[in-house]
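> Input: one structure, supplied below.
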Amino acid sequence: MNTPAYDLIIVGGGMVGATLACAVAPLGMRVVVVDAHPLPTWSPRTYDLRVSALTRASINILSHIGAWQGVRTRRVGPYETMRVWDAQGNGVIQFDAAESGVDVLGYIVENSVIQLALAERAQTFDNLHWRAPAHVQQLQCDDGEARLTLADGEVLHAPLIVGADGGSSWVRGQAGIATRGWDYAQHGVVATVRSARAHNATAWQRFLTTGPIAFLPLDDPHLCSIVWSAPSARAQTLLTLNDTAFNTELQAAFGDTLGALEVVGARAAHPLRLQYATHYARPRVVLIGDAAHNIHPLAGQGVNLGLLDAAALAHTLAEARLQRADYGELRVLRRYERWRKGENIAVMALMDGFKRLFGATATPLVATRNAGLNLLNQSPSLKNLITRAAMGARPDQPPLARNAPYP
Ligand SMILES: Cc1cc2nc3c(=O)[nH]c(=O)nc-3n(C[C@H](O)[C@H](O)[C@H](O)COP(=O)(O)OP(=O)(O)OC[C@H]3O[C@@H](n4cnc5c(N)ncnc54)[C@H](O)[C@@H]3O)c2cc1C
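Each step along the sequence shown adds one to the number in the numbering used here, with nothing skipped, and position 96 is 184.
See below:
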């Protein structure tokens, strides 16, 4: 049986794995991406139910690796304002791009658009091979290399294998890396919704005690992609309601801010959990993206953190190769782990804290929470700090996340 040799094997060609592949291919590394599923399809006539609110740092990364143009030419929804309010009081906070001296806070992009743009870019490299659908069977690592056996018997080998295979990561399990965390007993209901009033390029989020409901602006001024976090049983009910009954529930949950609401097309629900890998690396194995950390989607940070992982790992590998070091060694991989793990855990804890804070119903806490939001809203300097952090600006930015000229 054939045993092709690569410099890097990436299991999982989702947004994060594909970003890493496109970031290291220009270094001349022979890369193979193995994914269990074929690429998603996308049509300009409908909207993908899964979208991501991409920060500037993420757009910089996609731009530097040559994938942003492919995103842009398909479809994006810029957002200039983010408005968050508490359903239990009068607390409200608003972040504006103009106040922070930028034109947009970020872009809402369909996940399938990001994946197709990355796959298109990947095809431009002769040294990058895409194997999908392909099924992984066995992973063996010894001192010198990682060997991945596929279901058809083919064995791929490389000095390093990357687990970019999402929250239920097979690679993580094979490497014996444990996870910690908990299930929120909630699902995120996703749908495309038409509103009578225009969304005004604003990302809207209303906090209910049962979970936040977000309206993310699409390119059409009257269409938003929603993420409605609700207890799992309620989420299942919301999926089974007919459109009219769903619209009534949605209107009650979100209020009248955008006028009459009407769901367009299908709905789906995704389980929400907090989960993190206790280690990001073992000799010859490293984890990125959701394989390393799963967070609550309330501030839309999951894939943004994953793209920063990919950018940081690409930089770590490039440096190690320059020094002619064996980049599959734990010593090298720990540099990447130290770079990313602390921030990922901090963001995860912050999101979890927000979720708990807004889930509380005790009167004194509700009053303090609302007063705090209003106070923060009146402090431009603090808001500017938060906006910059939410846009992905950080001191130890991987070079690929730094300013890029994007069209
Ligand atoms: C409702 C909801 C809304 C969200 N909104 C946002 C947002 O606005 N902004 C944001 O930043 N994040 C958001 N997130 C989080 C974001 O979707 C994830 O962080 C992101 O998809 C992770 O990307 P990934 O490439 O690491 O993993 P995945 O997207 O899970 O991709 C994993 C890939 O690995 C492949 N794979 C899996 N198992 C195997 C295997 N055994 N063999 C081979 N291939 C395999 C899969 O086919 C897939 O292609 C949201 C999440 C949810 C649930």
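C-beta atoms are modelled at their ideal positions from N, C-alpha and C, and glycine is treated no differently.
Since we're looking at a predicted model, the values are computed, not measured.
Between the stretch 286-299 and the stretch 440-447, are three or more C-beta pairs nearer than 8 Å?
The stretch 286-299 vs the stretch 440-447: in contact.
> For Val121, which residues does DSSP report across the bridge?
Answer by DSSP bridge pairing, in chain order: Ile98, Trp218.
> Tell me which residue opens and which closes the alpha helix (DSSP H) that Tyr415 is part of.
Unbroken run through Tyr415: none, as it is neither H nor E.
> Just the Cα atoms here: how many angstroms apart are Arg162 and Val201?
Cα to Cα, the separation comes out at about 7 Å.
> Who does Glu350 pair with in a DSSP beta bridge?
Beta-bridge pairing links Glu350 to Arg282.
> For Ala408, which of Leu115, Asp231, Ala210 has the nearest alpha-carbon?
Considering only alpha carbons, the answer is Leu115.
> Compute the beta-carbon to beta-carbon distance between Ala291 and Leu304, rounded to the nearest angstrom, for a pair I have assumed lies under 8 Å.
Going by Cβ atoms, the distance from Ala291 to Leu304 rounds to 5 Å, so yes, they are a contact pair.
> Out of curiosity, what's the CA-to-CA distance linking Pro319 and Pro300?
Their Cα atoms are separated by approximately 11 Å.
> Buried or exposed: Leu193, going by 16 or more other Cβ atoms within 10 Å of its Cβ?
It counts as buried.
> From Ala387 to Leu421, what does the alpha carbon distance come to, in whole angstroms?
Their Cα atoms are separated by approximately 29 Å.
> Apart from the five residues on each side of it in sequence, which residues of its chain come closer than 6 Å, Cβ to Cβ, to Gly276?
Val315, Ser317, His358, Leu360, Pro385.
> Reducing DSSP to helix, strand and coil, say where Phe183 ends up.
Phe183: strand per DSSP, three-state reduction.
> Could you give the uninterrupted runs of the beta strand (DSSP E) lying entirely in the stretch 332-393, keeping only those of 3 residues or more?
For the stretch 332-393, whole beta strand (DSSP E) runs of length 3 or above, ordered along the chain, are 349-365, 373-375.
> Please indicate yes or no: does the CB of Ser140 lie closer than 7 Å to some heavy atom of ligand 1?
Indeed, a heavy atom of ligand 1 lies less than 7 Å from the Cβ.
> Under 7 Å from any heavy atom of ligand 1, does the C-beta of Pro385 make it?
Answer for Pro385: yes, Cβ within range of ligand 1.
> Just to confirm before moving on: does the CB-CB distance between Thr366 and Thr267 stay below 8 Å?
Yes, they are a contact pair.
> Given 7 Å as the limit, tell me if Met439 has its C-beta closer than that to any heavy atom belonging to ligand 1.
Not under cutoff, so the answer is no.
> Counting C-beta neighbours from all protein chains within 10 Å, is the total for Thr143 16 or more, i.e. buried, or is it exposed?
Classification of Thr143: buried, given that the 10 Å Cβ count is 16 or more.
> Evaluate Asn330 with the Cβ neighbour count: other Cβ atoms within 10 Å of its Cβ, from every protein chain shown; 16 or more gives buried, anything less gives exposed.
It counts as exposed.
> For His275, list the residues DSSP reports as bridge partners.
Per DSSP, Ala318, Pro359.
> Between the alpha carbons of Leu137 and Val351, how many angstroms are there, rounded?
Rounded to the nearest angstrom, the two C-alpha atoms are 12 Å apart.
> Please report the distance separating the alpha-carbon of Asn465 from that of Gln182.
So the two alpha carbons sit approximately 7 Å from each other.
> Are the Cβ atoms of Asp253 and Gly100 separated by less than 8 Å?
The answer is yes: Cβ separation under 8 Å.
> Would you report the Cα separation of Arg412 and Leu248, rounded to the nearest angstrom?
Cα to Cα, Arg412 sits roughly 15 Å from Leu248.
> In the DSSP assignment, find the alpha helix (DSSP H) that holds Gln203 and state where it starts and stops.
Here the alpha helix (DSSP H) through Gln203 covers 199-210.
> If we ignore side chains and look at the alpha-carbon of each, how far apart do Leu206 and Ala145 end up?
Looking at the two C-alpha atoms, the distance is approximately 16 Å.
> Measuring straight from C-alpha to C-alpha, what distance separates Cys110 and Ala399?
Distance between the alpha carbons of Cys110 and Ala399: 10 Å.
> Using C-beta distances below 8 Å, list every residue in its chain close to Val454, excluding the 5 sequence neighbours before and after it, in chain order.
Correct list, in chain order: Asp174, Gln176, Gly177, Ala448.
> Please find out if some non-hydrogen atom of ligand 1 comes closer than 7 Å to the beta-carbon of Ala379.
Yes.
> Phe213 by DSSP, collapsed to three states: which one?
Reduced to three states, the DSSP call for Phe213 is coil.
> May I ask you to check if the CB of Gly390 is nearer than 7 Å to at least one heavy atom of ligand 1?
Gly390 Cβ: within cutoff of ligand 1.
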